[in-house]
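> I'd like to ask some things about the structure below.
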Amino acid sequence: MNPARKILLNPGPATTSDAVKRALVVSDICPREAEFGAVVARVRADLMEIADGEDDVHTAVLIAGPGTAAVEAALGSLVPPEGRVLILDNGAYGERAGRIAAALGVPAHVWRVPWTGRPWLDELGARLAGSDGPFSHCFWVHHETTTGLLNPFAEYGAVCRAHGVTSIVDAMSSFGGVPISLRRDPIDFIISSANKCLQGLPGVSFVIGPRAPMRESAAHGRTFTLNLARHEECQAEGQFPFTPPVQVVYALAQALAETKAETVWARARRYRACHDVMLAGMEGEGFRPLLPRELRSGLLTAFHTPARRGFSFAGLHDFLYARGITIYPGKLPGTDTFRVATIGALTPDDLRGFVAAVREYLHGA
-3 MNPARKILLN
7 PGPATTSDAV
17 KRALVVSDIC
27 PREAEFGAVV
37 ARVRADLMEI
47 ADGEDDVHTA
57 VLIAGPGTAA
67 VEAALGSLVP
77 PEGRVLILDN
87 GAYGERAGRI
97 AAALGVPAHV
107 WRVPWTGRPW
117 LDELGARLAG
127 SDGPFSHCFW
137 VHHETTTGLL
147 NPFAEYGAVC
157 RAHGVTSIVD
167 AMSSFGGVPI
177 SLRRDPIDFI
187 ISSANKCLQG
197 LPGVSFVIGP
207 RAPMRESAAH
217 GRTFTLNLAR
227 HEECQAEGQF
237 PFTPPVQVVY
247 ALAQALAETK
257 AETVWARARR
267 YRACHDVMLA
277 GMEGEGFRPL
287 LPRELRSGLL
297 TAFHTPARRG
307 FSFAGLHDFL
317 YARGITIYPG
327 KLPGTDTFRV
337 ATIGALTPDD
347 LRGFVAAVRE
357 YLHGA
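No gaps in the numbering here: position 285 of the sequence shown is 281 in my numbering, and each next residue is one more.
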């Protein structure tokens, strides 16, 4: 089995290594066997290591499903009926969290700000202490891939701690690509998935955070399937409460081994090198980034769709796709954009090839 290598410049699923793809092909196994339970335990331990969690405080809980399933599990389980969560909406995924809270009946206030900006620290503090409160929890998206905007991580967490508020951070498109430390950073819970910066495959997501509040959520979990307490209890025994995506878990184990071997710091440098090659090439062809430099993540860049004659995103997409390269349409209401991510098992040479293909589309061979 030698599938053609594709260059995925969409914000996940990302390009994976051959070893991760090969890890899918394992002997059939019942997920209740101790052999598979050992793989689950290793995956959870590796996630804790990458998050720099404390074994006597934190735990990693796997969820069978996309990243959104883990967001739903966290919001539905961690916010008690007497609590209230402030949800920062400065992109489509913050907006989605607000919709999840509404669907589950989680007490929440959605704080919508322009999707091309982010609140200052004193604005967050004022909101937590203001008339919209009081709040027990605060949720925000670390890397908002609607635009490629990077919200503060430790800085927002420190504001939450100062107000006695528990932080829940969607680190879907940053965990594994941006150094994070639950020991050092004043953050309570992070949510992510296998198929972004960890360079695994879709089908497994997870919540990492203090064990005690997860167990306490047994009393007020709002869903049966996505109850964190039920998952944490089962996974302490190496099990999922329901049928897991067995092969995807094996692939995640391989992806985590590769992440640890490379290190998150080195991966972040590689992603930055890929981004720099891509950005220089695109700006050289006249494409304008949507966000100012200080707001950009360096993991995904949104570009204004140019008004040049004969150009269309669909045309560029199809031209690149025929050459094994995928780019992604924009998601910003009222502004015509497209997005180029530089995460996954990519090298700067891959991005040089992308830039060359864009030039070929614009100017001909």
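Just so it is clear, CB atoms sit at the ideal spot from N, CA and C, and this is done for glycine as well.
1. Is Thr322 helix, strand or coil by DSSP?
2. Are there three or more Cβ pairs, one per stretch, closer than 8 Å when the region 291 to 309 is compared with the region 266 to 275?
3. Locate the alpha helix (DSSP H) running through His359, then write down its first and last residues.
4. Could you name the residues that DSSP lists as bridge partners for Val57?
5. Let me make sure I understand the geometry here. Which of Met210, Val81 and Glu254 has the alpha-carbon closest to that of Glu228?
6. Check the C-beta distance from Ile3 over to Ile339 and give it rounded, since I have them as a contact under 8 Å.
7. Using a Cβ-Cβ cutoff of less than 8 Å, which residues in the same chain neighbour Glu68 once the five nearest sequence positions on both sides are dropped?
8. With respect to the beta strand (DSSP E) encompassing Leu380, which residues constitute its N-terminal and C-terminal limits?
9. Between which two residues does the beta strand (DSSP E) containing Ala337 stretch?
10. Give the straight-line distance between the Cα atoms of Val57 and Arg207, rounded to the nearest whole angstrom.
11. According to the neighbour-count rule (16 or more other Cβ atoms, all chains shown, within 10 Å of its Cβ), is Ile25 buried or exposed?
12. Using a threshold of 7 Å, state whether the C-beta atoms of Val102 and Val137 are closer than that.
13. Excluding the five sequence neighbours on either side, which residues of its own chain have a C-beta within less than 7 Å of the C-beta of Ala264, listed in chain order?
14. Which residue from Gly160, Ala154 and Gly113 puts its Cα closest to that of Gly129?
15. Is there contact between the region 304 to 314 and the region 116 to 130, where contact requires at least three CB pairs shorter than 8 Å?
16. Below 8 Å, can you find three or more Cβ-Cβ pairs linking the region 342 to 360 to the region 309 to 324?
17. Relative to the C-alpha of His139, which residue among Lys192, Asp184, Ala104 and Ser132 is closest?
18. Counting Cβ pairs closer than 8 Å, one from the region 149 to 159 and one from the region 23 to 37, do we hit at least three?
19. Quick one: grab the DSSP three-state call for Gln271.
20. Specify the secondary structure class of Ile232 as computed by DSSP and reduced to three states.
21. For Asp166, name the three-state secondary structure that DSSP assigns.
22. How should Lys256 be labelled, buried or exposed, when 16 other C-beta atoms within 10 angstroms of its C-beta is the threshold for buried?
23. What is the residue span of the alpha helix (DSSP H) that Leu197 lies within?
24. Is it true that the CB of Ala262 sits closer than 7 Å to the CB of Ala19?
25. Just to check my reading of the structure: Pro198 and Ala190 have Cβ atoms closer than 8 Å, yes? What is that Cβ distance to the nearest angstrom?
26. Distance check for Pro241 and Ser308, CA to CA, integer angstroms please.
27. Going by DSSP, what residue range makes up the alpha helix (DSSP H) through Arg313?
28. Output the boundary residues of the alpha helix (DSSP H) element that contains Thr297.
29. Compute the distance between the beta-carbons of Asp52 and Arg179, then report whether it is under 7 Å.
30. Taking Ala104 as part of the beta strand (DSSP E), name the residues at either end of that continuous run.
31. Please tell me whether Val203 and Ala41 are closer than 7 Å, where the distance is taken between their beta carbons.
32. State the Cα-Cα distance for the pair Ala249 and Ala104, rounded to the nearest angstrom.
33. Take Gly196 and list the residues in its own chain whose beta-carbon comes closer than 6 Å to its own, dropping the five residues that flank it on each side.
34. Where are the alpha helix (DSSP H) runs, 4 residues long or more, that stay fully inside the region 1 to 57, in chain order?
Checking against the coordinates, here is how it stands:
1. Locating residue 322 in the sequence shown gives position 326, where the first residue counts as 1. If DSSP states are grouped into helix, strand and coil, Thr322 belongs with the strands.
2. yes
3. Here residue 359 refers to the residue found at position 363 of the sequence shown. From DSSP, the alpha helix (DSSP H) with His359 extends over Pro344 to His359.
4. On the sequence shown, residue 57 is found 61 positions in, with the first residue counted as 1. Answer by DSSP bridge pairing, in chain order: Val203.
5. Translated into the one-based positions of the sequence shown, residue 228 becomes position 232. Here the closest residue by C-alpha is Met210.
6. Mapped onto the sequence shown, residue 3 falls at position 7. Mapped onto the sequence shown, residue 339 falls at position 343. Ile3 to Ile339, Cβ: 12 Å. No contact.
7. Within the sequence shown, the letter at position 72 stands for residue 68. Within the same chain, Glu68 has close Cβ partners Ile96, Leu100, Thr219 and Leu222.
8. Given that the chain is displayed from residue -3 to residue 361, the structure contains no residue 380 and the question cannot be resolved.
9. Here residue 337 corresponds to residue number 341 of the sequence shown, with the count starting at 1. Run containing Ala337: Thr333 to Ala337, per the beta strand (DSSP E) assignment.
10. Translated into the one-based positions of the sequence shown, residue 57 becomes position 61. Translated into the one-based positions of the sequence shown, residue 207 becomes position 211. C-alpha separation (whole angstroms): 9 Å.
11. In the sequence shown, residue 25 corresponds to position 29, counting from 1. Result: exposed.
12. Counting from 1 along the sequence shown, the entry for residue 102 is found at position 106. Counting from 1 along the sequence shown, the entry for residue 137 is found at position 141. Taking 7 Å as the Cβ cut-off, Val102 and Val137 do not qualify as a contacting pair.
13. By 1-based counting over the sequence shown, the position of residue 264 is 268. If we look at Ala264 and ignore the five residues flanking it on each side, its Cβ neighbours are Gly173, Val174 and Pro175.
14. Your numbering for residue 129 matches position 133 in the sequence shown. Cα-wise, what sits closest to Gly129 is Gly160.
15. no
16. yes
17. The count along the sequence shown starts at 1 and reaches residue 139 at position 143. Considering only alpha carbons, the answer is Lys192.
18. no
19. Your numbering for residue 271 matches position 275 in the sequence shown. Residue identity differs from the one stated: residue 271 is His in this sequence, not Gln. If DSSP states are grouped into helix, strand and coil, His271 belongs with the helices.
20. By one-based count along the sequence shown, residue 232 stands at place 236. With the sequence shown as reference, residue 232 is identified as Ala, and Ile is not the correct amino acid for it. Here Ala232 sits in coil by DSSP.
21. Here residue 166 refers to the residue found at position 170 when the sequence shown is read from its first residue. Asp166: strand per DSSP, three-state reduction.
22. Looking up residue 256 in the sequence shown gives position 260. Classification of Lys256: exposed, given that the 10 Å Cβ count is below 16.
23. Position 201 of the sequence shown holds residue 197. Per DSSP, Leu197 belongs to no alpha helix (DSSP H) and is neither H nor E.
24. Within the sequence shown, residue 19 is the residue found at index 23, counting from 1. Within the sequence shown, residue 262 is the residue found at index 266, counting from 1. Contact flag unset, no.
25. Residue mapping note: residue 198 aligns to position 202 of the sequence shown, counting from 1. Residue mapping note: residue 190 aligns to position 194 of the sequence shown, counting from 1. Indeed they touch by this definition, with Cβ atoms about 7 Å apart.
26. Stepping through the sequence shown from its first residue, residue 308 is reached at position 312. Stepping through the sequence shown from its first residue, residue 241 is reached at position 245. If I take the Cα positions, the gap works out to 38 Å.
27. Working through the sequence shown from its first residue, we reach residue 313 at position 317. Per the sequence presented here, residue 313 reads as His, with Arg not at that position. Phe309 to Tyr317 is the span of the alpha helix (DSSP H), which, as asked, contains His313.
28. Locating residue 297 in the sequence shown gives position 301, where the first residue counts as 1. Note, Thr297: premise wrong, no alpha helix (DSSP H); beta strand (DSSP E) at Leu296 to His300.
29. Numbered from its first residue, the sequence shown carries residue 52 at position 56. Numbered from its first residue, the sequence shown carries residue 179 at position 183. Against a cut-off of 7 Å, the Cβ pair of Arg179 and Asp52 comes out as no contact.
30. For the purposes of this step, residue 104 is taken as the residue at position 108 of the sequence shown. Ala104 to Arg108 is the extent of the beta strand (DSSP E) around Ala104.
31. Along the sequence shown, read from residue 1 onward, the residue named residue 203 stands at position 207. Along the sequence shown, read from residue 1 onward, the residue named residue 41 stands at position 45. No; because the gap between Cβ atoms is not below 7 Å, this pair is not in contact.
32. In the sequence shown, counting from the first residue as 1, residue 249 sits at position 253. In the sequence shown, counting from the first residue as 1, residue 104 sits at position 108. Distance between the alpha carbons of Ala249 and Ala104 is about 35 Å.
33. For the purposes of this step, residue 196 is identified with residue 200 of the sequence shown, where counting begins at 1. Answer for Gly196: Ala190, Ala247, Leu248 and Ala251, listed in chain order.
34. 14 to 19 and 30 to 47
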